[in-house]
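Data block below; observations after.
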């Protein structure tokens, strides 16, 4: 029983290791622009949204991290890292984030930023360009 609990503890360390990165990103972002929480500075908004992408998807990170940690071959570190990168990019490309970074109303953000959560963009890893949406 003790061996199994140690294995679960080691598996939980994988997703917990992403928390300091999220905290640093958000902390630096709030330090750069403490008054308007990123609305007054594009870099602050970028850092805050990047850290929030990790925090807001923590349940998915725990699911992947525990599955990786409990596996016998431990061959999923690249998948976890790639998934975290994907979450950051999709969060930064959301209409609300683009509007905050560009200091424009959300309704003026190009329509392509609202269409990134479909199976074709996720499958190909590329975003469509032009009017083909």
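Residue numbers (the UniProt record's numbering): 1 to 133. Idealized CB from N, CA, C, for every residue including glycine. Nothing here was measured: the structure is a model prediction, and the numbers come from that model.
The residue among 76, 97, 55 and 1 with its C-alpha nearest the C-alpha of residue 24 is 55. Under the DSSP assignment, residue 97 falls in the alpha helix (DSSP H) whose first and last residues are 95-102.
Contact annotation, residue 15 with residue 65: C-beta distance approximately 3 angstroms; criterion of less than 8 angstroms satisfied.
When C-beta atoms of the stretch 31-48 are compared with those of the stretch 67-76, fewer than three pairs fall below 8 angstroms, so the two segments do not count as touching. The beta carbon of residue 18 lies closer than 7 angstroms to those of 54, 61 and 84 in the same chain, with the five residues before and after it left out.
Scanning 114, 113 and 48 for the CA closest to the CA of residue 34 turns up 48.
A straight line joining the alpha-carbon of residue 114 with that of residue 6 spans about 43 angstroms.
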